[in-house]
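What follows is a short report on a single structure.
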Amino acid sequence: MERALADVRAQLGKEYPLLIAGDRVTTGDLLKSVNPSRPREVVGVHHKATTELAKTAVEKAFANFAEWSRTPAADRVQMLLRAAAILRERKLEFDAWLVFEAGKTWPEAEAETAEAIDFCEYYARQMLRFSHPDRPVQLPGEKDDLEYLPLGAGIIIPPWNFALAILAGMTTAALVTGNTAIVKPSSDTPTIAQKFAEVLLEAGFPGSCFSLLVGSGAQVGDVIVTHPKTRFISFTGSRDVGLHINELAARPQKGQIWIRRVVAEMGGKDAIIVDRESDLDAAVAGVAQSAFGYQGQKCSACSRAIVDEAVYDQFIDKLKRRVETLSVGPSDSPDNYMGPVINSSAKKSILEYIETGKQEGRLVAGGAEVKGDGYFIQPTVIADIESGDRLFQEEVFGPVLAVTKARDFDHALQLANDTQYGLTGAVYTRNRDKVNKAREQFFVGNLYINRKCTGAMVGAHPFGGFNMSGTDSKAGGPDYLLQFLQAKSIAEKVD
Ligand code: NAD
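Heads up, the numbering used here is the position in the sequence shown plus 2, with the first residue counted as 1.
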């Protein structure tokens, strides 16, 4: 890992062109991504797309769809398996890019690269299934078939917080099913997107089947979302941007002959319930890991601990002691448990939420920035937060945990569900009846019992949320590729 960090450090500050359906294009309008641990360090310099180039990218994706969709599925699957193999060979290099551009610590970076590899392997094999679907019921005198077809030209919009894994998952799902794709990475992490595009090309994906369109979401985003040739949008990011895209995409444009499909995976306000009948040390460890891993910047991060009043004070005591041992600093040093938050505006907004939290509740740990060049914030715990408080209801997306007291288990469940979101949740209890009640009543897309609420594994924990957390597409699950396919039934009369 030290060697990989040194190799990648030597490549920092390089310039990258746009990739438009196989062409390398420069515009001279440059975006610099920086290392959030040391913002003076430029990670990559990227040419930004104009609105004209954004339109060209959609038109080329539309034009190239016919050829790419006719490439045999088995060939596309082989390309994707090769991409997984290349990622595996370059794993430490990708870890290092995530450390420098996304501020991931070594273990968080390693987990993310591994997840990207899993997505490639898993979707490749799922595509084999969809390319040989089960035969439907055979009516007498007929040969009945069902085939899955790709949709067309799609837009892939990932967030910065899983700049590799989510980008790779959404992009490869679109491509392996036979769609062409325009990938618009987050402006915070475009270099990682460039590095993944290199992998796709090296694995044999033709340059014509995708574009990498770096540019401001607000500027080029609306252009590609509303283009009449755009068939679908696969988005992962915040609630507000997801709703905006959903609304824009719903309006048909002149010349458009389909209803655009929107898959939007959005934010969370994830809760862990700590019952009076639980292993309190395990619960403290699970809450701390879920709340502060990657600085709380996961959609699945625990941002509310809902604790039974019988163990409330004891839980807070233990949590405070644990949280105060967590070290914060540059993420390239393996000594730090937490790195920086992603950028200066995230830092500002998180610190404002902390001030709000201090008014609404009682500060238990942290509560301030950490001095240094980077965007560092202490892991912060605020107790006595009530369900009507902003800290209970709004996604902070940083290292800030609200702790709320519940009268009993039923009350805890009621509090956990008192949110517009419904992404992940966890329950710590030894009582089987309570486990069963949570399985039935805790309204989240991903529920965990007696373990942390982050760290969904591809294949084992298909991922996606309810309500304002999104369209519940279940990334890394057996149904995910259906988001990128449409089914055609064919009945042929036979003698
Ligand atoms: P964001 O919504 O700010 O940005 C997401 C992407 O949308 C970026 O690529 C951005 O450039 C782009 N974008 C912004 N405006 C756009 C527009 N008008 N048109 C098209 N694209 C536009 O989110 P973020 O800060 O990158 O990521 C953090 C958010 O993502 C959090 O809310 C988190 O909970 C959520 N998230 C959800 C999941 C999930 O699976 N549900 C996973 C990871 C992150």
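Just so you know, even glycine gets a beta-carbon here, dropped at the ideal spot from N, CA and C.
query: For the ligand NAD, is there a heavy atom less than 6 Å away from the beta-carbon of Pro-161?
result: yes
message: Tell me the DSSP secondary structure of Glu-200 in three-state form.
response: helix
- prompt: Would the beta-carbon of Cys-301 be found less than 6 Å away from any heavy atom of the ligand NAD?
  reply: Within the cutoff, so yes.
message: Rounding to the nearest angstrom, what Cα-Cα distance links Asp-420 and Gly-180 in this structure?
response: 41 Å
task: Give the straight-line distance between the Cα atoms of Gly-457 and Val-429, rounded to the nearest whole angstrom.
output: 15 Å
task: Run the proximity test for Gly-472: is its beta-carbon closer than 6 Å to any non-hydrogen atom belonging to the ligand NAD?
output: yes
field: Near the ligand NAD: Thr-173 beta-carbon under 6 Å from a heavy atom
entry: no
field: Coarse secondary structure for Ala-408, derived from DSSP in three states
entry: strand
field: Own chain, CB closer than 7 Å to Lys-106, minus 5 neighbours either side, in chain order
entry: Leu-100, Glu-114, Tyr-296, Ser-333 and Gly-341
task: From the DSSP output, in three-state form, read off Asp-272 for me.
output: strand
task: Leaving aside the five residues before and after Val-446 along the sequence, list all residues of the same chain whose C-beta is less than 7 Å from its C-beta, in chain order.
output: Gly-424, Leu-425, Thr-426, Gly-427, Gly-467 and Phe-468
field: Buried or exposed by the 16-neighbour rule on C-beta atoms within 10 Å, applied to Arg-459
entry: Correcting the residue identity first, residue 459 is Met in this sequence and not Arg. Note on Met-459: under 16 other CB atoms within 10 angstroms of its CB, so exposed under the neighbour-count rule.
- prompt: Which value, in whole angstroms, describes the spacing of the CA atoms of Gly-472 and Asp-242?
  reply: 11 Å
- request: Please indicate yes or no: does the CB of Val-243 lie closer than 6 Å to some heavy atom of the ligand NAD?
  value: yes
- prompt: Going by DSSP, which residues form a beta bridge with Asp-147?
  reply: According to DSSP, Asp-147 bridges with Ile-492.
message: Let me check you understand the geometry: is the CB of Gly-223 closer than 6 Å to at least one non-hydrogen atom of the ligand NAD?
response: yes
task: Measure the Cβ-Cβ separation of Thr-503 and Gly-400 and say whether it is below 7 Å.
output: The chain is shown from 3 up to 497; residue 503 falls before or after that span and cannot be answered.
task: Pull up the distance between the alpha-carbon of Leu-21 and that of Thr-174, whole angstroms please.
output: 16 Å
task: Give me the Cα-Cα distance between Pro-208 and Glu-326, rounded to the nearest whole angstrom.
output: Cα-Cα distance, rounded: 51 Å.
- request: To the nearest angstrom, report how far apart Val-398 and Lys-360 are at their CA atoms.
  value: 14 Å
- prompt: What did DSSP end up calling Asn-469 once you bin it into helix, strand or coil?
  reply: helix
query: Is Glu-267 near the ligand NAD, going by C-beta to nearest heavy atom under 6 Å?
result: The beta carbon of Glu-267 sits closer than 6 Å to at least one heavy atom of the ligand NAD.
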